[in-house]
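The opening position of the sequence shown corresponds to residue 1454 in the numbering used here, with each subsequent residue numbered one higher.
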Amino acid sequence: MSARASVVDVLLASEPNASKYDLHFTVAKIPVRIHPMFWLVTGIFGLLGGRPSLVTVALWIAAVLASILVHELGHALVARAYGWPPKITLYGMGGVASYRPTRQTTQSQVLIAFAGPGAGFVLGAVVLAAVLLSGHAVILPGLGIPIGDGPPLMLGGGRLELFVTYLLWVNFFWGLINLAPIQPLDGGTIVSALLSRKDPSTGLVRSLKLSVGIAATLAVASLTQGYVFLVIMFAMLGFNNWQLLSQLRQPG
């Protein structure tokens, strides 16, 4: 079984077992399961992120749901194109697209891994284009520079403005983080596949070493900017990769 997971799943141990409270449906004939912890954890992160009202938390959950589902659909649709029936599970504040490959190649690994963030970038671009075509500008969180002419849509505005801002933030910002060359993020999978193609005997070890170095660098950078969640996430990623590297180095 292979799986591609979204960025927040690095904080989760494994895909949860089925529960009687799961929500089941299909998208493009792909089975989708939403575990109840998805709603709970996403809502908690919404509250911790300074979204105190029920309306703003609901908008945040809706934006995360749409974004994570599109992300996992990107992975799943490409996996299905290779003839591997996928399924999607949303849980925690992320998701996973699972499938059973008959024969993995460098090309299939790279394309499936990139399809998740790529789908998110497309969704973000569509939302951004719609805002610009409506005659408004967008001020992305953390940048402070308006994109486009006209009155800006920005965090702190009405409900539509909040929802649009959340969509742009999740799809662009999380998409970029997912492309960081750190295992098991999508970028780490891509780098590992390329390094293993060049030298199958050392590709995995080299990708793990790179993951540890990049994770440590990004953890320090996040600390200097006050992004506590990212510090924790990158620290956990670095530690997990260091553990895997240590296990591979053990004799026998």
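Beta carbons: idealized from backbone N, C-alpha and C, even for Gly.
What span of residues does the alpha helix (DSSP H) with residue i cover, start to end?
{"i": "residue 1619", "result": "1612 to 1621"}
{"i": "residue 1497", "result": "1489 to 1501"}
{"i": "residue 1643", "result": "1639 to 1651"}
{"i": "residue 1695", "result": "1681 to 1702"}
Mind checking which residues open and close the beta strand (DSSP E) that includes residue i?
{"i": "residue 1479", "result": "1476 to 1480"}
{"i": "residue 1532", "result": "Here residue 1532 belongs to no beta strand (DSSP E); instead the alpha helix (DSSP H) covers 1507 to 1534."}
Compare the beta carbon distance of residue i and residue j with 8 Å and say whether it is the shorter of the two.
{"i": "residue 1663", "j": "residue 1637", "result": "no"}
{"i": "residue 1577", "j": "residue 1624", "result": "yes"}
{"i": "residue 1565", "j": "residue 1548", "result": "no"}
{"i": "residue 1539", "j": "residue 1487", "result": "no"}
{"i": "residue 1640", "j": "residue 1574", "result": "no"}
{"i": "residue 1527", "j": "residue 1572", "result": "yes"}
{"i": "residue 1542", "j": "residue 1514", "result": "no"}
{"i": "residue 1580", "j": "residue 1546", "result": "no"}
{"i": "residue 1665", "j": "residue 1617", "result": "no"}
{"i": "residue 1590", "j": "residue 1603", "result": "yes"}
{"i": "residue 1550", "j": "residue 1519", "result": "no"}
{"i": "residue 1491", "j": "residue 1544", "result": "yes"}
Given this structure, state the Cα-to-Cα distance separating residue i from residue j, to the nearest angstrom.
{"i": "residue 1690", "j": "residue 1672", "result": "10 Å"}
{"i": "residue 1702", "j": "residue 1683", "result": "28 Å"}
{"i": "residue 1643", "j": "residue 1563", "result": "5 Å"}
{"i": "residue 1555", "j": "residue 1687", "result": "32 Å"}
{"i": "residue 1694", "j": "residue 1619", "result": "30 Å"}
{"i": "residue 1498", "j": "residue 1511", "result": "12 Å"}
{"i": "residue 1656", "j": "residue 1700", "result": "15 Å"}
{"i": "residue 1524", "j": "residue 1500", "result": "23 Å"}
{"i": "residue 1645", "j": "residue 1532", "result": "18 Å"}
{"i": "residue 1622", "j": "residue 1507", "result": "20 Å"}
{"i": "residue 1534", "j": "residue 1569", "result": "14 Å"}
{"i": "residue 1472", "j": "residue 1502", "result": "28 Å"}
{"i": "residue 1658", "j": "residue 1668", "result": "15 Å"}
{"i": "residue 1626", "j": "residue 1685", "result": "17 Å"}
{"i": "residue 1678", "j": "residue 1592", "result": "19 Å"}
{"i": "residue 1661", "j": "residue 1477", "result": "36 Å"}
{"i": "residue 1600", "j": "residue 1653", "result": "44 Å"}
{"i": "residue 1698", "j": "residue 1692", "result": "10 Å"}
{"i": "residue 1474", "j": "residue 1485", "result": "14 Å"}
{"i": "residue 1559", "j": "residue 1509", "result": "42 Å"}
{"i": "residue 1479", "j": "residue 1586", "result": "32 Å"}
{"i": "residue 1742", "j": "residue 1557", "result": "Examination of residue 1742 is not possible in this model, given that the chain is present from 1454 through 1705 alone."}
{"i": "residue 1489", "j": "residue 1481", "result": "22 Å"}
Any idea what DSSP makes of residue i, helix, strand or coil?
{"i": "residue 1664", "result": "helix"}
{"i": "residue 1551", "result": "strand"}
{"i": "residue 1540", "result": "strand"}
{"i": "residue 1556", "result": "coil"}
{"i": "residue 1635", "result": "coil"}
{"i": "residue 1570", "result": "helix"}
{"i": "residue 1471", "result": "coil"}
Would you say the beta carbon of residue i comes nearer than 7 Å to a heavy atom of the ligand GTP?
{"i": "residue 1600", "result": "No copy of the ligand GTP occurs in the structure displayed, which carries no ligand at all."}
> Are there three or more Cβ pairs, one per stretch, closer than 8 Å when the segment 1649 to 1661 is compared with the segment 1611 to 1628?
Replying inline: Judged by pairs of C-beta atoms under 8 Å, the segment 1649 to 1661 does not touch the segment 1611 to 1628, as fewer than three such pairs exist.
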